[in-house]
Amino acid sequence: MKTIKGKLLVYFFVFVILFQVTAISIFVSSNKLTNIYNDSFRRFLLLNSISQNSEELYAETHKFVMEADPAKVKNYYTAKSALQNEKDKVASSFYDIDPIEMKNYRNLLESFIHESELTVGFVLRDDIEQYTYHLEETRNASEYIQEATLELIDLELTAYQSFYQDLQLRNNSFFYFIVFLFISTIMLAIFFALWFSNGITRPINKLSRAAKEVSEGDLVGSPVIIRSIDELKLLGDTFNSMRSNIRELVQEIKDQSELDRLLKDMELKHLQSQINPHFLFNTLNTLSKMAYLEDATSTSSLIDSVATLLRHNLGEIDSHVTLKDEVKVVKDYFHIQKTRFSERIQFEMNVDESCLTNQVPRLTLQPLVENAFIHGIEEKEEGGTIVLNISQNSHHVIVMIQDDGVGMSANKIAQVMSLAKQQDAHVGHSTGIGLTNVIRRLQLFYGRSHVVEIHSEINKGTTISLFLPKKQGG
């Protein structure tokens, strides 16, 4: 992950490298111009030195001819050695002049030195005719050297003039380059400053707006999207996660509040029906025993079923029980209704015993069975059948309550499902708990919305299916 500190260092090194490259370029260019100037200046000095030394060599030769003094011979050889050294430098110094012309110039210097040597040699032999002739040749060669040297100096001056004009152009170009570099550097600095500052301020502004939305209670705003890969992106992702967690926590609190409201509503209804329940249970037990002693076993069984049903219904409504307990209550309810309506109503149960350990909210199955009886079967004169099926798949325990009653319309089903999010509008007869209340409590208990499906057609019956997760959610 890139960091803000790393970005600052990158920007700093970019400018440092830019200025270093510029400085090196200026130094190399300046050094190149200096070398060209020095080479030209050295060639001027060399030509001037050749001109002076050739004149000096001729003068020393002439002096020796006039007076053959051993001391003058020494001066002659010193002048000759100096000119000889300068002749050797000509080949390496004048590399940009016509090679043939430079070869002729070197040959002229060699011829001049050779004629002076011959002159000195014939003087030592005292051959007047020969040294006079060669002295004249030496003088002529010296004059040719002066002329050739002046021509070379003229060529150097011409080349230097071109060099000077080129130098002026380079100076002008260099001036414009410096101006361009200065403006470019300023623009680049402004660009980097704006880019870097926007890269920091824009995400901070987004976070500030999102934080203000959260402070005003808006927890469902769009997420903060920060595209930079640095600490600010981590901060944005953390903020999004925090807002999502707060939203989920608030929703959990709302769900818990809704569950508490439903429980309090049911508890209030239970309290209204709990008129001395212990006295009622004791009375029912007494009636059951009396009926048994009087050999009225059917009456005794009916009273036991009523007592069991009432005891279950008057229990703690916010607790959860096993499916086994709920199935037992349904059996008692079936017994009571079967006693009341005899052959007019039929009950069937198909239960997978391995599913009965699953936990469910108290008063889940009996209100649904009662709803099927009251709103489905009771209105039919010929009666009907209610079937309870409990099975399972890999993820769910599936509870199905089927009836062949009057059925419901699609609008009625939609109304029931929508009322599951509101205060119950329809209540059961024996428990005070309606279908929508059961659906809502199951949703809150398992923490998911899809726990119930209702399929029904008018005059063809209704099927209510519960999909209970095997892993308890409440």
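First residue of the sequence shown: 1, per the UniProt record's numbering; consecutive thereafter.
For glycine and all other residues, C-beta sits at the position ideal for the given N, C-alpha and C.
Do the CB positions of residue 119 and residue 65 come within less than 8 angstroms of each other?
yes
Rounded separation between residue 117 and residue 166 - CA only:
45 angstroms
Is residue 47 near residue 138, with beta carbons less than 8 angstroms apart?
no
Best match in 419, 68, 152 for proximity to residue 122 [C-alpha to C-alpha]:
68
Closer than 8 angstroms is the cut-off here; do at least three beta carbon pairs connect the segment 443-453 with the segment 372-384?
no
Sort 88, 255, 237, 124 by Cα distance to residue 108 and report the nearest one.
88
Do residue 347 and residue 398 have their C-beta atoms closer together than 8 angstroms?
no
Out of 115, 254, 154, which has the shortest C-alpha to C-alpha gap to residue 130?
115
Same chain, Cβ closer than 7 angstroms to residue 86, five either side skipped, listed in chain order:
46, 49, 50, 53
Under the criterion of a Cβ to heavy atom distance below 7 angstroms, does residue 203 qualify as lining the ligand COA?
As presented, the structure is devoid of all ligands, the ligand COA included, so that no description of it is given.
By the DSSP assignment, the beta strand (DSSP E) with residue 389 in it spans what residues?
384-392
Taking just the CA atoms, how far does residue 380 sit from residue 405?
7 angstroms
Cβ shell of residue 219 (< 7 angstroms), same chain only, five flanking positions each side left out
243, 246, 247, 250
Would you list the residues sitting across from residue 403 in a DSSP beta bridge?
386, 462
Residue 350 versus 390, 372, 342, residue with shortest Cα-Cα distance
390
Backbone CA spacing between residue 203 and residue 454 [nearest angstrom]:
49 angstroms
My guess is that residue 334 and residue 383 are in contact by the Cβ rule of under 8 angstroms, so how many angstroms apart are they, rounded?
Incorrect: roughly 14 angstroms between the Cβ atoms, too far for contact.
Going along the chain, which residues of its own chain have a beta-carbon closer than 7 angstroms to the beta-carbon of residue 55, five neighbours each way excluded?
142
Check residue 457 in the structure and name its three-state DSSP category.
strand
In whole angstroms, what is the alpha-carbon distance linking residue 393 and residue 239?
40 angstroms
DSSP three-state label for residue 85, please.
helix
What's the C-alpha gap between residue 22 and residue 168?
20 angstroms
Whole-angstrom distance between residue 183 and residue 198, CA atom to CA atom:
22 angstroms
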